[in-house]
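If you're matching positions, the sequence shown starts at 52 in the numbering used here and goes up one per residue.
Every residue gets a Cβ at the ideal spot worked out from N, C-alpha and C, and that includes glycine.
A quick note: this is a predicted structure, and the numbers were derived from the prediction, not measured.
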Amino acid sequence: MDSYAVCLATPEQDAEARKRESVEWGVGMTLEQFSEREDMLDSQPFARNGDGGRRRWVLVPKGDEETLDFLAACETYRRKIMIRHPENEIPVTAISYSIASVFVPAQKRRKGYAAMLMKLLHGQIQPASPPSIGIVEETGRYGKDGILSFLFSDVGKFYEPLGWHVNKADQLEWGMQAIISAKAPSTTAVTEADIPALATADESVLRQEIAQPAPRHLGGPQAVRFTLSDPQGLAWRWSIARSKFYASRAGRSPTVWGARVEGLSNAFAVWAYNYQPNTLELIFLRLRFSSREELLALVAAARAAASKEGLKRIVAWNVDLVAAGVADAENPTVADAERLTSELAGANLVTRTSKSLPCIAWYGAEHGGKVDWIACEKGWWC
Ligand SMILES: CC(C)(COP(=O)(O)OP(=O)(O)OC[C@H]1O[C@@H](n2cnc3c(N)ncnc32)[C@H](O)[C@@H]1OP(=O)(O)O)[C@@H](O)C(=O)NCCC(=O)NCCS
């Protein structure tokens, strides 16, 4: 490992990495179309925001840092989080990095390059000594200030021995049958223009939530708790932009990107559409509700939107089954399958084991507890 280094990519290496990875993430597209998608995503505020946005990293032999024959590459996004530490119960802001697009070309695989890239990447993200929680120094530099990093693994537990621990990865899925619930409240449609205000309101509710100690099954008072801090909804807007790119290829132009429960409720949903022929699903980016009726109302609105878009199913990550009234607060991850289906409008509970597994690496001081990720939903994926 001493002969290799992980460096920020030059613009030429970034372009080369994009070309390489198009075989994986640009399936069904020409290189030009894939490039168009990537340019469009790079132009989103999420990818170029003042906190740092997207950067590419490459694994290179030492002394040949600018080579275009680099061995492996990945991307990171610098992201603010709210965090509650057992020793400092008031939630504070800190820096995290999400990692995406880990890629090794086929002819260089199974030589340990991805593992080496990831091991060395820790050193580019975390400071030399554990960072002070709550102090977000604007160093003007990218990296070496993260209290944690996270990624969504498409290769199962590959990242576990490299330091990223798998987080809960449950999802609820619904087919397209109609929901009949006399008690479900009315909803109004959410458009793109509504997103920033919804994100700001959600941030303040999350801030209150994170001020509370974790429930016992998630580590209790000893757990560190964190949640993404994105009061302008930049990550949701990035996902929506991505969704619109595919919508236009499918000849669609959706305008509804979520739903809000009417009245004084905080309940709302933001979603994206996936038009890939083998997927055809609506996925919730964020789903906030506090009762079964609110959840059913939001799912009903999602079903109507999905049906209009010709989609086949609806998916929500890590739904709060206690708030949904189908699990016990003492053991909230176990919901009886039949009860769940009958009480949640035909929902099916699935645990993802291979694709999009959320994984976390913690760089703060040892705290003897768990790291509890609040609202670990699709909206933070990249
Ligand atoms: C996954 C990937 C980055 C691994 O790169 P690599 O340099 O070959 O990885 P390493 O040599 O460090 O480790 C190889 C190990 O990766 C694991 N691995 C590779 N592909 C895997 C997959 N699809 N599912 C689970 N594990 C996988 C295996 O354990 C393999 O060990 P083995 O050779 O004994 O079977 C590479 O295969 C790749 O670029 N794939 C396409 C893009 C991709 O899926 N990226 C991951 C996105 S989260």
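In the DSSP assignment, what are the bridge partners of V350?
In DSSP, V350 forms no bridge with anything.
Where does H268 land, buried or exposed, given buried means 16+ other C-beta within 10 angstroms?
Here H268 is exposed, its C-beta having fewer than 16 other C-beta atoms within 10 Å.
If you follow the beta strand (DSSP E) that H136 is in, where does it begin and where does it stop?
For H136, the enclosing beta strand (DSSP E) begins and ends at A123 to H136.
What does the Cβ neighbour count give for K363, buried or exposed, with the cut at 16 atoms within 10 Å?
The residue in question, K363, is exposed, as its Cβ has fewer than 16 Cβ neighbours within 10 Å.
Rounded to the nearest angstrom, how far is the Cβ of A412 from that of W215, given a contact under 8 Å?
Their Cβ separation, rounded to whole angstroms, is 5 Å, which keeps A412 and W215 in contact under 8 Å.
Throw me the rounded Cβ distance for the G284 and A250 pair, which I believe falls under 8 Å.
Sure, about 3 Å apart at Cβ, within 8 Å.
Contact under 8 Å by Cβ, Y414 with I146
Going by beta carbons, Y414 and I146 fall outside the 8 Å limit.
Compare the Cα-Cα distances from G430 to each of I141, S405 and W368 and report the closest residue.
Of the listed residues, the one whose Cα sits closest to G430 is W368.
Given this structure, state the Cα-to-Cα distance separating D205 from M227, to the nearest angstrom.
In this structure, the CA atom of D205 is about 27 Å from the CA atom of M227.
Round the Cβ separation of F154 and A124 to the nearest angstrom and send it over; I've been treating them as touching at under 8 Å.
With a contact defined as Cβ atoms closer than 8 Å, F154 and A124 qualify at about 6 Å.
Thinking C-beta only, is R135 closer than 8 Å to I261?
When the beta-carbon positions are compared, I261 and R135 come within less than 8 Å of each other.
Tell me whether V256 sits in a helix, a strand or coil according to DSSP, three-state version.
Residue state, collapsed to three classes: helix.
Can you tell me whether DSSP reads I334 as helix, strand or coil?
In the three-state reduction of the DSSP assignment, I334 falls in the strand class.
Just how far apart, CA to CA, sit A388 and D221?
Rounded to the nearest angstrom, the two C-alpha atoms are 13 Å apart.
On the CB-based measure, 16 or more other CB atoms within 10 Å of its CB, does D281 come out buried or exposed?
Classification of D281: buried, given that the 10 Å Cβ count is 16 or more.
Scan the region 265-319 and note each continuous beta strand (DSSP E) run of 3 residues or more that stays entirely inside, going in chain order.
Those beta strand (DSSP E) runs which fall completely within the region 265-319 and span 3+ residues are 275-279 and 309-312.
Three or more C-beta pairs closer than 8 Å, one from the region 286-299 and one from the region 159-172: is that the case here?
Verdict: no, contact absent.
With a CB to CB cut of under 7 Å and the five nearest residues on each side skipped, what residues in its chain are close to T238?
If we look at T238 and ignore the five residues flanking it on each side, its Cβ neighbours are A310, R311, V312, E313, A348, L349 and A352.
Opening and closing residue of the alpha helix (DSSP H) in which G174 lies:
Following the DSSP letters along the chain, one finds G174 inside the alpha helix (DSSP H) bounded by residues Y164 to I176.
So, at 7 Å on beta carbons, what are the nonlocal neighbours of E243 in its own chain, with the 5 sequence-adjacent residues on each side left out?
I291 and W308.
Locate the alpha helix (DSSP H) running through F340, then write down its first and last residues.
From DSSP, F340 is part of no alpha helix (DSSP H); its letter is neither H nor E.
Using only the alpha-carbon positions, how far apart do F121 and W322 sit?
Cα-Cα distance, rounded: 37 Å.
Does the contact criterion of 3 or more C-beta pairs under 8 Å hold for the region 82-99 versus the region 292-301?
The region 82-99 vs the region 292-301: in contact.
Own chain, CB closer than 6 Å to G376, minus 5 neighbours either side, in chain order:
These residues qualify, in order along the chain: R343.
Classify G207 as buried or exposed, calling it buried when 16 or more other Cβ atoms lie within 10 Å of its own Cβ.
Looking at its Cβ environment, which holds fewer than 16 other Cβ atoms inside 10 Å, G207 is exposed.
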